[in-house]
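Visitor: Following this message is one structure expressed as structure tokens.
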Amino acid sequence: MTYISWAAMYEGSSDAAYFEVLLPRVMQEIVALHGERAVTVPNTAAATFSRGPVNDVARSICGAREAFHLVFIHSDTGGRNLEEQLTLRSCAYCAAIQRECDWPASRCVVIAPRHETEAWILADPGAVTDALGWRGSSDSIGLPTNGSAAEGLQDPKITLEQAVRQVRGRRSGRPQQYFAAIAQRQELRELRGATSFRSFEAALYSALVDLGCVRRRDSD
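Taken in order, the sequence shown gives residues 34 to 253; the numbers are from my numbering.
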């Protein structure tokens, strides 16, 4: 039995509520379908790190590196900023970690939903309506039809906020309270409709190959 521990740096607490549920689900599905041996992926991270200056975060991660096998880096610059900034900043963390302690590049996996985390949250509209307890159609509350459509939204955060208000009313509270419930209900095949999720999953698969947990794909 192989045990794969993981760590993560999230942009904020609301993002963490979503990814803390989603990430182990994705890893567990990959090793179940493609594992070279029996692999256990825990449901909780061995360590989490707060956003901060790149080199400071790198030193913190390297200081705890014996506790985990791979690390996820999520960095969100917001829906109105350039995607290139998000990608460059996320990759800067990975590069700094590699410089600081020779961390294997493939084992630093960037989480970069297009525009905002809500683009992935909206990728499976059925999961959203189920978490909200909505029995009507997803399009009746303005949700995108699939992952590709969710990535096409310029401001997915607003789309989700409006849907929650329509279902729950103006006193419904913040949409973030539903993030974990949505992540629990999402079908990964629906998430794969989002190009950025497929890129993330491919990078994660490569990390698990590097760890000897899953079979190398024929195309690799």
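Glycine included, every Cβ here is placed at the ideal spot set by N, Cα and C.
1. From Cys127 to Cys141, what does the alpha carbon distance come to, in whole angstroms?
2. With H, G and I counted as helix, E and B as strand and the rest as coil, what does DSSP make of His107?
3. By DSSP's criteria, Val54 is part of a beta bridge. Which residues make up the other side?
4. Could you give the distance in angstroms between the alpha-carbon of Cys134 and the alpha-carbon of Cys95?
5. Please report the Cβ distance between Gly180 and Thr192, rounded to the nearest whole angstrom; I am assuming they are in contact, meaning their Cβ atoms lie under 8 angstroms.
6. Glu220: which of Phe212, Pro86, Arg58 sits nearest, CA to CA?
7. How big is the Cα-Cα spacing for Ala138 and Cys246?
8. Measuring straight from C-alpha to C-alpha, what distance separates Phe101 and Leu241?
9. Could you check whether Phe82 and Ile144 sit closer than 8 angstroms to each other, using their CB atoms as the reference points?
10. Can you list the alpha helix (DSSP H) stretches of 4 or more residues lying completely in the region 117-183, in chain order?
11. Does the beta-carbon of Ala129 have 16 or more other beta-carbons within 10 angstroms, so that it is buried, or is it exposed?
12. Considering Thr192, what are the terminal residues of the beta strand (DSSP E) in which it resides?
13. Closer than 8 angstroms is the cut-off here; do at least three beta carbon pairs connect the region 38-51 with the region 208-217?
14. Who does Val247 pair with in a DSSP beta bridge?
15. So, for Val64: in the same chain, excluding its five sequence neighbours on each side, which residues have a beta-carbon less than 8 angstroms away from its beta-carbon?
16. Which word fits Leu66, buried or exposed, when buried means at least 16 other C-beta atoms lie within 10 angstroms of its C-beta?
17. Between the Cα of Ile215 and the Cα atoms of Trp39, Ala40, Val54, which residue gives the shortest distance?
18. Helix, strand or coil: which one does DSSP assign to Tyr36?
19. Do you know whose CA, among Lys190, Ser171, Ala183, Leu244, lies nearest Thr228's CA?
20. Taking C-alpha atoms, which residue in Asn76, Ala125, Ala79, Glu62 lies nearest to Val87?
21. Looking at the strands, I want to know which residues DSSP matches up with Ala80.
22. CA-CA distance, Pro177 and Phe212?
Guide: In terms of the structure at hand:
1. Between Cys127 and Cys141, the alpha-carbon positions lie close to 6 angstroms from each other.
2. Note: His107 maps to strand in three-state DSSP.
3. Its beta-bridge partners do not exist; DSSP assigns none.
4. If you take the alpha carbons of Cys134 and Cys95, they lie about 6 angstroms apart.
5. Not quite, the Cβ-Cβ distance comes to about 14 angstroms (not below 8 angstroms), so this is no contact.
6. For the residues Phe212, Pro86, Arg58, the minimum Cα distance to Glu220 belongs to Arg58.
7. Cys246 has its alpha-carbon roughly 17 angstroms from the corresponding atom of Ala138.
8. When only Cα atoms are considered, Phe101 and Leu241 end up about 13 angstroms apart.
9. For the pair Ile144 and Phe82, the CB atoms are not nearer than the 8 angstroms cut-off.
10. The region 117-183 contains these whole alpha helix (DSSP H) runs: 151-154, 158-165.
11. By the neighbour-count criterion, in which 16 or more other beta carbons inside 10 Å mark a residue as buried, Ala129 falls on the buried side.
12. Annotation: Thr192 is outside any beta strand (DSSP E); the continuous alpha helix (DSSP H) that includes it extends over 189-201.
13. The region 38-51 makes contact with the region 208-217, as at least three CB pairs between them are under 8 angstroms.
14. Bridge pairing for Val247: Gly68 [DSSP].
15. Excluding sequence positions up to five before and after Val64, its CB lies within less than 8 angstroms of the CB of Ile37, Val72, Val74, Leu241, Cys246, Val247, all in the same chain and listed in chain order.
16. Answer is exposed; the Cβ neighbour count stays below 16.
17. Per the C-alpha coordinates, the member of Trp39, Ala40, Val54 positioned closest to Ile215 is Val54.
18. Of the three classes helix, strand and coil, the one that applies to Tyr36 here is strand, per DSSP.
19. Nearest C-alpha to Thr228: Ala183.
20. Among Asn76, Ala125, Ala79, Glu62, the Cα nearest to that of Val87 belongs to Ala125.
21. In the DSSP secondary-structure assignment, Ala80 is bridged to Ala40.
22. Spanning the two alpha carbons is a distance of roughly 17 angstroms.
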